Amino acid sequence: MRWSQYFIPTLREDPADAEVVSHRLLLRAGFVRQLGAGIYSILPLGWRVARRAERIVREEMEAVGGQEFFLPALHPAEIWKESGRWEVMGETMFRLRDRKGADMCLGMTHEEIFTSIARHEIRSYKQLPQVWFQIQTKFRDEERPKSGLMRLRQFIMKDAYTFDVDRAGLDKSFENQRSAYKKIFDRCGIKYHIVEASSGAMGGSESNEFMARTSAGEDFIAVCESCDYAGNLEKATSKIPAVEDEAGPDAPEEFPTPGVRTIEDLTTFPGGAAAERQVKTLVYVATDGKTQEQYPVLALLRGDHQLHEVKLGDSLGASAVRPAQNEEIVELLGASAGSLGGVGARDKAAASKKSLRVVADNSLKGRRNMTTGANKDDHHLRGVGVERDIKPDTWADLRTVQKGEACPNCESGTLDIFKAMEIGHIFKLGTKYAESMGATVLTKDGKEVPIVMGSYGIGIERILSAAVEQSHDADGIVWPKAIAPFDVVVTVTNVKQQEIVDAGERLYEELRRAGLEVLLDDRDERAGVKFKDADLIGIPLRVTVGKKVSDGKVELFDRATKQSEDVGLDEVAGRVQGSALSGL
RNA sequence: CGGGGCGUAGCGCAGCCUGGUAGCGCGUUCGGUUCGGGACCGAAAGGUCGGAGGUUCGAAUCCUCUCGCCCCGACCA
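Take the first sequence: its position 401, counting from 1, is numbered 556 in the numbering used here, and each next residue is one higher.
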């Protein structure tokens with residue numbers, strides 16, 4: 156490609172609307188342009204990168220038996236009504252009507268469509284397993300599109316689905332996908348962590364997220380510094396030292412605590428208790444995942460621990476949880492936040508005809524002689540035994556892991572916590588869709604069973620964002636070699652000097668013949684402008700053809716290290732080729 | 001959806017408070033000098049001031065409505 160003819164609209168100044176690095180650089184370097192909130196046009200340079208990423212994805216999918224489909228983005232409502240997700244997806248689904256008034260939607264994902272193909276065509280265990288995938292545009296009316304290409308309303312996704320006759324088959328398919336994903340992100344030059352994730356109310360027994368570390372990420376993950384343990388904060392656990400309690404009184408004792416509202420207040424109040432000797436009592440309202448009924452929940456934690464709301468929701472099988480309003484709390488327990496406790500809470504709630512669920516964090520197991528609110532304003536109880544006096548309905552992991560705590564998986568490691576963005580997610584779906592949509596096969600012994608499915612996604616644009624987030628400097632993008640828009644840029648420093656131009660042209664041809672993707676900067680611009688632009692768009696290698704050609708030399712410049720070296724014209728092609736193929 | 005901010009030339013912004021013929025920088029075009037890290041001089045083109053309605057002799061500026069975008073929060077397979 157000749158730069159003079161190629162469309163690379165670089166911007167000298169930062170676009171006002173771009174906040175995060177990847178957004179800013181992709182815009183400035185001419186890879187994308189915004190059309191609307193969460194809707195982007197991908198320009199030629201950006202499309203080259205996307206196509207290279209897709210190619211890697213395709214190769215690795217095919218390597219584990221994946222067969223590529225191309226499914227519609229426009230779906231009739233019926234199929235979504237069958238799986239029950241026409242309602243579940245709510246406002247996130249783009250909906251429209253055709254000329255006859257029939258409900259339609261734009262696909263957010265393709266479980267339904269693939270399942271419908273499977274149920275019509277797959278009848279026997281002999282046809283399984285199947286691994287199907289596509290690279291397709293997805294539409295999601297996100298409440299808040301943001302951060303450039305990170306949260307889009309229209310985006311390209313590789314979605315794969317596996318179909319197996321039983322759980323064991325699914326486990327194997329899942330493992331195949333997992334290893335394919337590793338290869339994909341390794342090849343793309345993205346550093347990632349595989350974390351255990353909450354599969355939410357959508358069902359599915361197990362899911363792994365592939366998370367790329369970046370401050371622009373939307374999730375927090377906890378990662379062990381010495382072993383390979385990693386978890387999304389909504390799932391991560393840690394080992395914490397146990398607290399030894401002295402034996403307390405035989406029954407809780409109430410005592411007045413005027414003005415005490417917080418855990419902190421009580422630690423300094425005469426006759427109070429240290430935070431780890433208190434029971435923190437939080438009131439939530441949960442929405443049941445199946446019946447959609449709302450009910451109150453008491454979440455109990457150690458005083459110095461923080462609740463993680465997703466964990467609470469998961470422990471209840473709830474589709475949503477929210478903190479209760481103060482009026483609701485008073486109605487339920489007869490006291491305001493600051494004086495709440497689990498002792499007798501169920502009875503108080505029953506008096507107002509509410510059924511209350513009490514969930515306690517695992518760290519409260521066996522604890523006694525603790526202090527907590529008395530459900531009476533300005534009063535607390537001491538000498539409370541959690542099992543003896545509160546009797547929680549459920550024990551669960553509710554607390555938010557903190558940086559520096561001990562790894563739950565190894566002996567010596569501690570956890571680091573940082574932000575990351577989700578670039579891939581693999582799920583064991585099980586039989587959820589097969590059952591609701593009637594996709595069954597006959598087993599060896601003639602039994603009809605639902606197909607066991609897995610679902611696996613990768614956001615293509617997110618590969619671009621993650622790569623830029625992780626690999627850039629003050630001058631611009633530094634593309635990983637495997638997905639760079641070009642392998643090398645040949646910069647002709649002065650197009651008015653024939654000798655330089657001729658040498659550049661010859662080199663351009665030679666490199667192309669060697670099978671490389673080459674960009675020839677043949678623009679009538681000053682050398683400085685060309686260097687700045689080349690740095691900005693992030694081509695891994697630059698060959699500068701300048702005055703030294705009269706000595707038979709050009710300059711080889713490494714974008715990542717900024718090292719340059721004089722190389723003889725006869726050996727450049729070999730050097731460039733070697734470097735371009737050297738992977739990361 | 002709640003809170004905040006912003007829509008003025010291709011891009012980045014000023015002008016608005018206190019109404020009176022729309023400006024700056026970058027970019028673009030032409031001429032010249034320059035030519036290895038975003039050159040310089042000179043000339044020029046380019047704007048229904050997001051849209052609609054209103055107040056006024058007169059609206060980018062004041063008022064009402066509306067559309068769009070960004071950020072924070074909530075939300076999120």
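Every residue gets a Cβ at the ideal spot worked out from N, C-alpha and C, and that includes glycine.
Note that the structure is predicted; figures quoted are calculated from it, not measured.
- For A335, the number of other beta carbons within 10 angstroms of its own is at least 16, and it is reported as buried.
- Within its own chain, the residues whose Cβ lies closer than 6 Å to the Cβ of Q732, once the five positions on either side in sequence are excluded, are A669, listed in chain order.
- Between V704 and E654, the beta carbon gap of about 6 Å places them in contact (Cβ cut-off 8 Å).
- By the neighbour-count criterion, in which 16 or more other beta carbons inside 10 Å mark a residue as buried, P605 falls on the buried side.
- Around the Cβ of R457, a 10 Å sphere holds 16 or more other Cβ atoms; the residue is buried.
- A385 and T247 have their alpha carbons spaced roughly 29 Å apart.
- Bounds of any alpha helix (DSSP H) do not take in Y195; it lies within the beta strand (DSSP E) bounded by 194-197.
- When rounded, the separation of the alpha-carbon atoms in T417 and K503 is 22 Å.
- Residue environment: F162 is assigned as exposed (fewer than 16 neighbouring CB atoms within 10 Å of its CB, all protein chains considered).
- Taking S567 as the centre and dropping the five residues before and after it, the same chain places the C-beta of S381 closer than 7 Å to its C-beta, in chain order.
- Within the same chain, R523, N524 come within 8 Å of A402 by CB-CB distance, once the 5 residues on both sides are set aside.
- Of the other Cβ atoms in all chains shown, fewer than 16 fall within 10 Å of the Cβ of T292; this residue is therefore exposed.
- Membership of D326 in the alpha helix (DSSP H) is indicated by the continuous run 322-342.
- T549 is bridged by DSSP to V514.
- Using a C-beta cut-off of 8 Å, the region 342-355 makes no contact with the region 552-564, since fewer than three inter-stretch Cβ pairs fall below that distance.
- Taking every protein chain shown into account, the CB of N363 has 16 or more other CB atoms within 10 angstroms, so this residue is buried.
- Membership of R188 in any alpha helix (DSSP H) is not indicated; the residue belongs instead to the beta strand (DSSP E) covering 187-191.
- For D677 and V644, the gap between their C-alpha atoms comes out near 10 Å.
- For S610, the three-state secondary structure derived from DSSP is strand.
- DSSP places Y663 inside the alpha helix (DSSP H), whose first and last residues are 653-668.
- Judged by DSSP secondary structure, S238 falls within the alpha helix (DSSP H) whose first and last residues are 232-238.
- Between K558 and the set L388, G256, A371, the nearest pair of CA atoms involves L388.
- Using a 10 angstroms sphere on the CB of T423, the tally of other CB atoms stays under 16, which defines it as exposed.
- G427 places its beta carbon 7 Å or farther from that of R308.
- Separation of L325 and L182 (C-alpha to C-alpha, rounded to the nearest whole angstrom) is 41 Å.
- When the alpha-carbon of P563 is set against those of K390, R210, A473, G239, the nearest one is in K390.
- Counting along the chain, no alpha helix (DSSP H) covers D721; the unbroken beta strand (DSSP E) around it starts and ends at 719-723.
- Judged by their CB atoms, S302 and A257 are not nearer to each other than the 7 Å cut-off.
- For R252, the CB contacts under 8 Å within the same chain, skipping 5 residues up- and downstream, are D258, M259 in chain order.
- The beta carbon of I277 sits closer than 8 Å to those of L283, Q285, F318, A594, V596, I606, all from its chain and outside the five residues before and after it, given in chain order.
- Proximity of the region 683-693 to the region 654-664 falls short of the contact definition, fewer than three beta-carbon pairs being nearer than 8 Å.
- Apart from the 5 residues on each side of it in sequence, G579 sits with its Cβ closer than 6 Å to the Cβ of Y336, F365, I613 in its chain, given in chain order.
- Of the residues assessed, E482 falls on the exposed side of the cut-off, its CB having fewer than 16 other CB atoms within 10 angstroms.
- Following the DSSP letters along the chain, one finds A689 inside the alpha helix (DSSP H) bounded by residues 682-692.
- In the DSSP secondary-structure assignment, E361 is bridged to K583.
- Across the set K236, V465, L166, the C-alpha of L166 shows the shortest separation from the C-alpha of D630.
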